[in-house]
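Taking this note's numbering, the leading residue of the sequence shown gets 320, the next gets one more, and so forth. Cβ atoms here follow ideal geometry from the backbone N, Cα and C, with glycine treated the same way. Some notes on the structure that comes next.
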Amino acid sequence: MLLTVQNIHKTYQTADGPFAVLRGVDLTLDAGETLALTGESGSGKSTLLHLIGGLDTPDQGHIHLGELDITTLDDNGRAALRRGTVGVVFQQFNLIPSLRVSDNIAFQARLADRYDPLWDATLAERMGLTPHLNKYPEQLSGGQQQRVAIARTLAPKPRLVLADEPTGNLDEATAAAVLDLMLELVSETGAGLLIVTHSTELAGRMSRRLHLRAGQVA
Ligand SMILES: Nc1ncnc2c1ncn2[C@@H]1O[C@H](COP(=O)(O)OP(=O)(O)OP(=O)(O)O)[C@@H](O)[C@H]1O
Ligand SMILES: [Mg+2]
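Laid out in structure tokens, this is it:
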């Protein structure tokens with residue numbers, strides 16, 4: 320199994336006291352599988368994605384990537400994981416403003432020592448970004464920035480791709496095309512794909528669907 324999430328709990332401390340967002344989440348994902356995670360706004364989808372992506376740690380439970388329990392890793396171990404093994408497309412893109420589009424796309428792959436100019440060019444071409452490679456993120460539309468974020472995540476060919484509303488800023492036709500492309504590219508690299516989405520249409524195109532409600536998935 321590529322990903323095994325077992326009994327994950329996460330509570331945030333807020334001004335009004337502790338708030339339990341995740342209360343025993345279990346899920347699995349195999350290489351080559353595509354999974355849609357739906358759930359109301361505030362149900363904890365991004366929280367769960369960040370835990371699986373090694374950006375945060377759970378209060379309880381285990382997350383295995385293959386044999387490796389990532390909940391036992393320290394900051395350096397989790398950082399190494401994020402460079403090459405797990406790729407995250409963030410809800411807010413998180414592009415680097417001072418870098419051109421081409422360098423944004425290459426950023427993660429270079430850090431991971433997995434930069435492949437041919438693959439980068441392929442990604443840019445297929446994401447429709449070739450005319451924008453020398454621009455800076457602020458010179459792009461929201462939808463173009465979203466596609467840069469997707470290309471950057473796919474550039475190191477991660478084994479697991481996590482995407483938080485990756486088509487949220489795109490019109491319906493572009494969203495469908497970008498999803499097609501993500502599915503194609505992920506299947507070419509044999510990775511697993513977990514997408515957070517509000518769209519039932521998009522969710523319907525994935526091989527499996529899970530819904531997050533009251534801190535658990537079903
Ligand atoms: N760092 C934090 N500190 C305190 N509360 C937080 C923090 N991050 C998120 N929350 C709360 O946890 C809940 C889940 O947030 P999360 O961002 O995971 O939801 P989501 O399902 O991704 O929502 P959306 O669909 O709007 O993106 C929300 O109620 C949010 O206010
Ligand atoms: Mg979210």
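Coarse secondary structure for residue i, derived from DSSP in three states
i	result
Ile382	strand
Arg433	coil
Gly343	strand
Arg419	coil
Gly336	strand
His517	coil
Arg527	strand
Ala482	strand
Lys454	coil
Asn395	helix
Own chain residues within Cβ distance below 7 Å of residue i, not counting five before or after
i	result
Gln535	Arg342, Gly343 and Val344
Asp349	Met320, Leu321 and Gly511
Residue i Cβ short of 6 Å to ligand 1 heavy atom set
i	result
Tyr287	A question about residue 287 goes unanswered here, because the residues of the chain that appear run from 320 up to 537.
Tyr331	yes
Val408	no
Val344	no
Val405	no
Val536	no
Val324	no
Gly361	yes
Check whether residue i and residue j have beta carbons under 7 Å apart
i	j	result
Gly511	Leu479	yes
Tyr434	Ala443	no
Val340	Gly363	yes
Gly406	Thr508	no
Asn488	Gly523	no
Gln325	Gly385	no
Leu356	Gly373	no
Distance cut-off 6 Å: residue i Cβ against heavy atoms of ligand 2
i	result
Ser365	yes
Gln465	no
For residue j and residue i, the rounded distance between their alpha carbons
i	j	result
Gln464	Met446	11 Å
Trp438	Leu414	19 Å
Leu418	Pro477	22 Å
Thr347	Thr441	30 Å
Val420	Asp335	42 Å
6 Å CB neighbourhood of residue i in its chain, flanking five on each side removed
i	result
Ser526	Glu352 and Thr353
Cβ-based neighbour list, residue i, same chain, cut-off 8 Å, excluding 5 preceding and 5 following
i	result
Asp388	His381 and Ile382
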